[in-house]
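One structure below.
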Amino acid sequence: MEKHLNIKDLNKVFNDPIHGHIELHPLLVKIIDTPQFQRLRNIKQLGGGYYVFPGASHNRFEHSIGVGHLAGELAKTLKLKQPELDISERDVLCVQIAGLCHDLGHGPFSHLFDGMFNPEADPEHKDWKHEDASLEMFDHLVVVNGLAQEMERYGLILPPDLTFIKEMIKPLKSDDTEWPYEGRDENKSFLYEIVSNKQNGIDVDKFDYFARDCHHLGIRNNFDHQRFIMFARVCDVNGRKHICSRDKEVANLYDMFHTRNSLHRRAYQHRVTKSVEIMIKDALLKADHHILTKGSGGTTLCLSKAKTDMEAYTKLTDQVIERILHPCSCSNEFTPSPLEEARMILQRIMSRDLYQFVGETKVCSQGWTGTKTWPRLFWPTLIATPAPKTNIYMGQGIIVVTLDYGMRNKDPINTTYFYTKANPTEAFKIPREQVSKLLPVCFAEKILRVYCKNSASLRDAKFCFQRWCHENDFLTEVTLYSVRWQ
Numbered sequence: 001m002e003k004h005l006n007i008k009d010l011n012k013v014f015n016d017p018i019h020g021h022i023e024l025h026p027l028l029v030k031i032i033d034t035p036q037f038q039r040l041r042n043i044k045q046l047g048g049g050y051y052v053f054p055g056a057s058h059n060r061f062e063h064s065i066g067v068g069h070l071a072g073e074l075a076k077t078l079k080l081k082q083p084e085l086d087i088s089e090r091d092v093l094c095v096q097i098a099g100l101c102h103d104l105g106h107g108p109f110s111h112l113f114d115g116m117f118n119p120e121a122d123p124e125h126k127d128w129k130h131e132d133a134s135l136e137m138f139d140h141l142v143v144v145n146g147l148a149q150e151m152e153r154y155g156l157i158l159p160p161d162l163t164f165i166k167e168m169i170k171p172l173k174s175d176d177t178e179w180p181y182e183g184r185d186e187n188k189s190f191l192y193e194i195v196s197n198k199q200n201g202i203d204v205d206k207f208d209y210f211a212r213d214c215h216h217l218g219i220r221n222n223f224d225h226q227r228f229i230m231f232a233r234v235c236d237v238n239g240r241k242h243i244c245s246r247d248k249e250v251a252n253l254y255d256m257f258h259t260r261n262s263l264h265r266r267a268y269q270h271r272v273t274k275s276v277e278i279m280i281k282d283a284l285l286k287a288d289h290h291i292l293t294k295g296s297g298g299t300t301l302c303l304s305k306a307k308t309d310m311e312a313y314t315k316l317t318d319q320v321i322e323r324i325l326h327p328c329s330c331s332n333e334f335t336p337s338p339l340e341e342a343r344m345i346l347q348r349i350m351s352r353d354l355y356q357f358v359g360e361t362k363v364c365s366q367g368w369t370g371t372k373t374w375p376r377l378f379w380p381t382l383i384a385t386p387a388p389k390t391n392i393y394m395g396q397g398i399i400v401v402t403l404d405y406g407m408r409n410k411d412p413i414n415t416t417y418f419y420t421k422a423n424p425t426e427a428f429k430i431p432r433e434q435v436s437k438l439l440p441v442c443f444a445e446k447i448l449r450v451y452c453k454n455s456a457s458l459r460d461a462k463f464c465f466q467r468w469c470h471e472n473d474f475l476t477e478v479t480l481y482s483v484r485w486q
């Protein structure tokens, strides 16, 4: 008699607003149904962007599912079109898991936590990134949920496949001639370009967030990732296999990088978005040692140290601001809450009393690379600048915004390979001159942006900022009105 099939061993169908009905392997579903993955439901994809764009309510949860799906689609397409690549079902499943778990390590409000809060709260570990936590959280997820046995039941070989998955989540950026990975041999090098492509930045992570973010922001997406997947092909380049695209797709890939730049310019680095994020960052800094989270072994950790303990980090999401806004304490007017300063900053966000934009100045990063010194150059000039009556020098907000095509000041297409219809096995690069004379010359710019935390000091701050820009030969925007002192 035929055995009854366990419903849990069937693929599960998800109805996604971006990719439609998608099927996920039962092992991926088991990973999704864990507290470590479910916490992503409470971490906004665009951080403070939701306070500016009402539609940007999507979270890391659905993005991660989308990346897992697209990773599988690209791997399966290559497997079907090029059987000589010897892509196994194990390979496909590992790639899907890497795509699904690539963002497990994000903290509250996504990039705000590792990009803005952490460097100030924990300067000894200022270079810590969410990818580091993704690796730790993945290990933690597998152990506490007993998934190692499930992985082996579905055909994975441990520990090599676990190593492979983590190498895809955080691949190395290396030009070494020696093969740097352990999870797969060099003949499977192209698999490392699917989830996070350090070669040229063309990967399924971007495919999903371009489509998803544009959908929720109400911004048109000119890049068709499905078309890229259909034309993707693996070719041998100097003894290593790379994912290549058809030569006729080069203009579309430039559009992809332009879309990335446009999203940063119009949404991710939006002036008001950054104002809100600076305020959230300031509130988290004020609350750092007063919001304690229970970790492993009964230890308690503050916000900036929770990232060192995955049990504590699992409990850390965007909901931390609710703990600040509505603290559970016995504080009263005589014994104010230690979170009061942080709460007042968040209350300003809720009442739309935001830090005011003072001005910005920009140069092409090829023109001046010393952007890390900008704040140090800026403040001494402010202190020496006479301004009437008010002290504006302390407590301003300074950020340096980078707008580029994903590879700093380099043209990403210079590291992208193509093939022709006539010769689909030979990879080559396409010089920019053959694409268009209208392509950008500068692929990155740095913007110094200044915000005023006290509205009463805004006029003085604008005066000082204009003077600093003039003395250092930087241009300010025409929208920055001229201020004259009598």
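Residues 1 to 486 (UniProt numbering) are what the sequence shown spells out, left to right. Using N, Cα and C, we set each Cβ at its ideal position, and we do this for glycine too.
Roughly how many whole angstroms lie between the Cα atoms of Lys129 and Gly115?
8 Å
Element boundaries [alpha helix (DSSP H), containing Gly72]:
Arg60 to Lys81
7 Å CB neighbourhood of Pro17 in its chain, flanking five on each side removed
His215
Going straight from the alpha carbon of Thr299 to that of Lys274, what length do you get?
34 Å
Check whether the Cβ atoms of Tyr181 and Leu46 sit closer than 8 Å, and answer yes or no.
no
Between Thr415 and Ala232, how many whole angstroms is the CB-CB distance? I'm expecting something under 8 Å.
Between Ala232 and Thr415 the Cβ distance is about 16 Å, and since that is not below 8 Å, they are no contact.
Check the C-beta distance from Lys206 over to Arg260 and give it rounded, since I have them as a contact under 8 Å.
7 Å
Is the distance from the Cβ of Lys281 to the Cβ of Leu70 below 8 Å?
no
At what residues does the alpha helix (DSSP H) containing Arg459 begin and finish?
Leu458 to Glu471
Host alpha helix (DSSP H) of Lys30 (start-end)
Pro26 to Ile32
Name, in chain order, the residues that DSSP records as bridge partners for Lys362.
Ile447
Where Asp417 falls: helix, strand or coil (DSSP):
Per the sequence shown, the amino acid found at residue 417 is Tyr instead of Asp. Here Tyr417 sits in coil by DSSP.
Beta-carbon separation of Gly49 and Ala56 under 8 Å?
yes
Please classify Gln199: does DSSP put it in a helix, a strand, or coil?
coil
Determine contact between the region 244 to 256 and the region 318 to 329, defined as no fewer than three beta-carbon pairs at a distance below 8 Å.
no
Should Trp368 go down as buried or exposed, given a rule of 16 or more other Cβ atoms within 10 Å for buried?
Caution applies to Trp368, whose pLDDT of 45 falls short of 50 and renders its modelled position unreliable; the model cannot decide the point.
Rounded C-alpha distance that separates Leu10 from Pro26:
6 Å
The beta strand (DSSP E) enclosing Arg233, as first and last residue numbers:
Arg233 to Val237
Per-residue DSSP class, three states only, for Ser245
strand
Reduced DSSP secondary structure (H/G/I, E/B, other) of Leu475:
coil
If Lys170 sits next to Leu135, beta carbons under 8 Å apart, how far is it from one beta carbon to the other, in whole angstroms?
6 Å
Once the 5 residues before and after Ala211 are set aside, which same chain residues still bring their CB inside 7 Å of it?
Ile18, Asn221 and His225
Mind checking whether His242 and Glu178 have CB atoms under 8 Å apart?
no
Take Glu73 and list the residues in its own chain whose beta-carbon comes closer than 7 Å to its own, dropping the five residues that flank it on each side.
Ile229
Counting pairs of beta carbons, one from the region 301 to 318 and one from the region 350 to 364, are three or more of them closer than 8 Å?
no
Considering Cα atoms alone, identify which of Arg60, Glu120 and Ile413 is closest to Asn200.
Ile413
Per DSSP, Leu301 is paired with what?
Thr293
If the criterion is Cβ atoms closer than 8 Å, does the pair Asp103 and Ser64 meet it?
yes
For Arg41, I'd like the list of residues in its chain whose CB is within less than 7 Å of its CB, leaving aside the five on either flank, ordered along the chain.
Asn59 and Phe61
Please state if the CB of Asp288 and the CB of Leu303 are separated by a distance shorter than 8 Å.
yes
According to the neighbour-count rule (16 or more other Cβ atoms, all chains shown, within 10 Å of its Cβ), is Ala456 buried or exposed?
exposed
Tell me the residue span of the beta strand (DSSP E) that contains Val13.
Lys12 to Asp16
Assigned secondary structure, His225 (DSSP; H/G/I helix, E/B strand, else coil):
helix
Is Lys30 near Glu150, with beta carbons less than 8 Å apart?
yes
Host alpha helix (DSSP H) of Gly99 (start-end)
Glu89 to Cys101
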